[in-house]
Every structure is written in C-alpha cells, then in structure tokens.
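This report refers to the structure that appears directly beneath it.
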Ligand SMILES: NC(=O)c1ccc[n+]([C@@H]2O[C@H](COP(=O)([O-])OP(=O)(O)OC[C@H]3O[C@@H](n4cnc5c(N)ncnc54)[C@H](O)[C@@H]3O)[C@@H](O)[C@H]2O)c1
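Numbering (our numbering), first residue to last: 523 to 899.
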C-alpha cells in the first residue's frame with residue numbers, strides 16, 4: 523500500500539556531471555543543480571515546487587571512487603553498487619545518469635526490480651530499444667520517465683509563447699542553434715559504442731523541443747553531420763525539417779564555432795524574434811503593415827539594392843521578449859506525482875519514441891545525403 527505522506531525516495535546511478543547535479547538538486551530540495559547541496563538556494567520563483575517537501579535523495583552509486591567520495595563529502599549516502607540500490611526496498615525510483623549505452627540495461631533491471639525510472643536523455647540509442655523498455659515498464663506496472671527537460675528552459679518558453687499566441691503573426695521559419703567551441707569532449711561522448719556524438723547529446727534536446735512546440739512531426743528531414751575534432755562521432759550537425767503547412771525549422775549543434783550566432787530566430791508574417799543567449803537577451807521586431815514595400819536603393823558592397831534596403835523606423839516596432847515565472851521543478855514533481863498515480867506524465871515514452879525516430883531519420887539522411895520523407899510507423 524503506497525503511503526502518500528512518505529517522501530518519495532530517489533537513488534541516482536552515475537554521479538558525474540549530470541548525476542551530481544541531480545544529487546545537489548534533490549539533496550537540497552531546491553532543484554538547483556549547481557554547487558554544493560548545502561549552499562543551493564531555491565530559485566527566485568513564486569511557482570517553483572520545493573522538492574524537499576515531496577522527495578528525498580536515498581543515495582548515489584558510481585563506479586568511479588572519486589565521484590563516490592565527492593558524494594560522501596556532501597553527506598550523501600553512497601551505495602556500493604547499482605544492485606544494492608535495486609535491493610533497497612525503501613527506494614521508490616532510480617534516476618539513471620550514466621553514459622548513454624548503459625541506460626537500457628539499467629532501466630530494464632530497475633523496472634524488473636519494481637523501481638520507477640527517471641532516465642536521462644537520450645533515453646535509449648534506438649526507438650526499438652525504447653519500445654522494449656516501455657513494454658518492460660508496462661509489465662512491471664512502473665513508470666518509465668524520459669528526462670527530456672528542455673521544455674522547461676525559459677528560452678524555449680518564450681519561443682513557444684510567440685509561436686502559439688502568434689505574437690508576430692503566423693510563423694513560417696524557426697532556427698535554433700546550440701553553439702560551443704570546445705569540440706567533442708574526450709570522454710565517452712567521443713565513442714560510438716557508448717552512444718557518443720552531438721546528435722545524441724544536444725540533437726535530442728532540440729528535436730524534442732521542436733516536436734513539443736509544433737505538436738507534430740516533420741514531413742521531411744535533411745541532416746548533415748560533421749566530424750571536425752574526431753573521426754568517430756558527429757561533433758557538428760545541421761538539420762532542416764519541413765512541416766505540413768510549410769513551416770520550416772533549422773537546427774544546428776556546433777562545437778567548433780568561436781563566434782556565436784543567436785540561440786533562436788523566429789520569423790513570422792508580421793515580424794521576427796531573436797534570443798541571443800541562455801540569459802534570454804533578445805528582442806522582437808514587429809511590422810506595422812506590408813503596405814510600405816518600396817524603398818530607395820542602398821549600397822550593398824559594390825552594388826545597389828532595393829529589395830534588401832533596411833525598413834524605415836516608422837514601419838517596425840522593437841519590443842522586449844515576453845518573460846514569465848514558471849515551476850522550474852515541474853519535471854521532477856511530475857515524475858513523482860505520476861509514480862504516485864496523481865498526475866499525467868508530461869514527457870511520455872511515446873513522445874521520446876517520436877524523437878528517437880526523427881533522430882534515426884536524421885542519421886539516414888546524413889548517410890545517404892538525401893532528404894528523407896518522415897513517416898511515424
Ligand atoms: N538532460 C540534460 O540536460 C543533461 C545534461 C548533461 C548530461 N545528460 C545526460 O546524463 C548522462 C550522464 O552524462 P554526464 O555528463 O553526467 O556524464 P559523466 O561522464 O560526467 O558522468 C557519468 C558518470 O557515470 C558513472 N558510471 C559509468 N558507468 C557506471 C555504472 N555502471 N554504474 C554507476 N556509475 C557509472 C561514471 O563514473 C561517471 O561518473 C548522459 O546520458 C547525458 O546525456 C543530460
């Protein structure tokens with residue numbers, strides 16, 4: 523019999539970059555993933571759930587003794603093995619934050635041990651693998667929850683508001699870019715057998731966001747992958763998607779770019795928006811009307827142009843981006859409430875299957891050099 527007053531106990535497998543972030547977030551109850559658990563402060567948000575009221579960090583396990591030592595230094599309980607977590611009856615759920623190739627075996631054994639699973643992205647390396655895991659979850663009567671968390675980023679929420687509420691009219695193109703300059707990290711992310719590469723690292727996030735934003739899947743996909751800093755795993759990618767009705771989306775993940783372009787551009791019939799960075803600096807430019815089409819020619823390099831002459835000040839208005847408060851811990855909270863049968867799962871397994879199928883279509887396009895017609899079945 524489930525005791526609803528008891529705090530929901532989560533144990534973490536893998537206490538590296540992301541796992542230690544989860545450990546700080548859950549140990550402090552703040553959801554804040556940076557720094558030490560004792561110093562973490564609740565986000566400055568009236569809406570963000572206090573995780574400490576509903577959950578408890580049971581402990582972590584990591585095969586690297588240095589990571590286990592770090593956890594112990596934070597007052598976090600350290601399990602000697604993953605099997606010890608699965609054998610602990612006081613643990614309700616496992617959060618899997620190990621390298622990508624381990625997600626499937628770890629998820630299957632956790633579900634078979636009767637644990638709910640919150641699994642880092644990419645949840646699996648193939649849609650077929652994920653369907654098998656979802657079947658295991660069904661058999662076990664447990665929740666498998668993909669930690670595809672980037673629909674709770676403010677930059678995405680801003681774009682979603684502009685798109686859904688048509689603040690600039692009907693959107694005809696969206697561009698999203700994740701830009702870095704460190705190449706592919708030298709760890710497991712540069713090895714294919716461990717599920718490395720930027721498509722599985724960041725591609726999954728931005729494809730996830732676009733499927734959430736549009737509420738659908740693309741009709742066609744073109745993808746090109748680059749291998750600048752290694753020969754095994756993609757370190758730069760470009761995806762072009764076309765949706766029913768004509769919306770086009772361009773996605774880029776770059777790891778060799780020393781000059782950054784905006785994080786987002788949205789182009790709509792009556793204006794354009796840009797978000798420059800993760801701090802959500804940017805603007806919207808709204809057109810007052812299409813009547814004023816003609817302009818005097820201006821110099822462009824060695825020639826003149828009328829078509830590309832800038833708009834006059836009177837015909838466009840610069841506006842700030844919409845900003846708002848939201849529950850920054852909604853994914854953790856929704857996971858716990860779903861496991862307790864009190865909520866509908868926001869990030870579903872079926873959604874993650876769609877994302878993985880799109881990734882598979884991207885790989886096919888990159889391999890053949892052709893645009894791929896996308897069909898879900
Ligand atoms: N959702 C996000 O925003 C986000 C951000 C970063 C990483 N991630 C995901 O989190 C996962 C981990 O990434 P990371 O950056 O933390 O990698 P990392 O290399 O920093 O950490 C992985 C940890 O797992 C440990 N580990 C390896 N095998 C293990 C095993 N069998 N049992 C227990 N521990 C084991 C390693 O020792 C290491 O400490 C990946 O799937 C990654 O895609 C998600």
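C-beta: ideal position from N, C-alpha, C; glycine also. Since we're looking at a predicted model, the values are computed, not measured.
{"query": "Nearest to residue 548 by CA position, among 565, 556, 577 and 539, is which residue?", "result": "577"}
{"query": "Is the beta carbon of residue 565 sitting closer than 9 Å to the one on residue 553?", "result": "yes"}
{"query": "Taking the CB atoms as reference points, tell me whether residue 531 and residue 639 lie closer together than 9 Å.", "result": "no"}
{"query": "DSSP three-state label for residue 641, please.", "result": "strand"}
{"query": "Spatial neighbours of residue 867 within its chain, please: C-beta separation below 6 Å, excluding the five flanking residues on both sides.", "result": "860"}
{"query": "Determine the extent of the beta strand (DSSP E) in which residue 581 is found, giving its start and end residues.", "result": "577 to 583"}
{"query": "Taking its Cβ as the centre, do 16 or more other Cβ atoms sit within 10 Å of residue 806, making it buried, or is it exposed?", "result": "buried"}
{"query": "Grouping DSSP H, G and I as helix and E and B as strand, with all else coil, what is residue 873?", "result": "helix"}
{"query": "Please confirm whether any heavy atom of ligand 1 lies closer than 8 Å to the CB of residue 667.", "result": "no"}
{"query": "How long is the line joining the alpha carbons of residue 523 and residue 862, rounded to whole angstroms?", "result": "Residue placement at residue 523 is poorly supported in this model, since its pLDDT is 46, which falls under 50; the coordinates are not used for a value here."}
{"query": "Whole angstroms are fine: how far does the CA of residue 629 sit from the CA of residue 831?", "result": "57 Å"}
{"query": "Going along the chain, which residues of its own chain have a beta-carbon closer than 7 Å to the beta-carbon of residue 682, five neighbours each way excluded?", "result": "735"}
{"query": "For residue 589, is the beta carbon positioned less than 8 Å from some heavy atom of ligand 1?", "result": "yes"}
{"query": "So the candidates are 626, 794, 555 and 550; which of them puts its Cα closest to the Cα of residue 684?", "result": "794"}
{"query": "Would you check if the distance between the CB atom of residue 594 and the CB atom of residue 541 is smaller than 9 Å?", "result": "no"}
{"query": "Using the three-state DSSP reduction, which class does residue 763 fall into: helix, strand or coil?", "result": "strand"}
{"query": "Looking at the secondary structure, which residues open and close the alpha helix (DSSP H) in which residue 861 lies?", "result": "852 to 861"}
{"query": "How far does the alpha helix (DSSP H) with residue 546 in it reach, from first residue to last?", "result": "539 to 550"}
{"query": "Based on Cα-Cα distance, which residue from 599, 760, 897 and 840 lies nearest to residue 545?", "result": "599"}
{"query": "What does a CB cutoff of less than 6 Å around residue 776 pick up in its chain, not counting 5 residues either side in sequence?", "result": "701 and 758"}
{"query": "At what residues does the beta strand (DSSP E) containing residue 747 begin and finish?", "result": "742 to 748"}
{"query": "Exposed or buried, which one is residue 604 when buried takes at least 16 other CB atoms within 10 Å?", "result": "buried"}
{"query": "Taking just the CA atoms, how far does residue 892 sit from residue 570?", "result": "45 Å"}
{"query": "In chain order, what are the residue ranges of uninterrupted beta strand (DSSP E) at least 3 long that sit wholly in the region 598 to 636?", "result": "615 to 618"}
{"query": "Could you pull out every residue in the same chain whose Cβ sits closer than 7 Å to the Cβ of residue 881, ignoring the five residues on either side in sequence?", "result": "721, 725, 726 and 729"}
{"query": "Would you mind listing the beta strand (DSSP E) stretches within the region 666 to 699 that are 3+ residues and don't spill past its ends, in chain order?", "result": "666 to 669"}
{"query": "Using 9 Å as the threshold, is the C-beta distance between residue 846 and residue 739 below it?", "result": "no"}
{"query": "Looking at the structure shown, is residue 898 part of a helix, part of a strand, or coil, going by DSSP?", "result": "coil"}
{"query": "Expressed to the nearest angstrom, what Euclidean distance is found between the alpha-carbon atoms of residue 686 and residue 745?", "result": "26 Å"}
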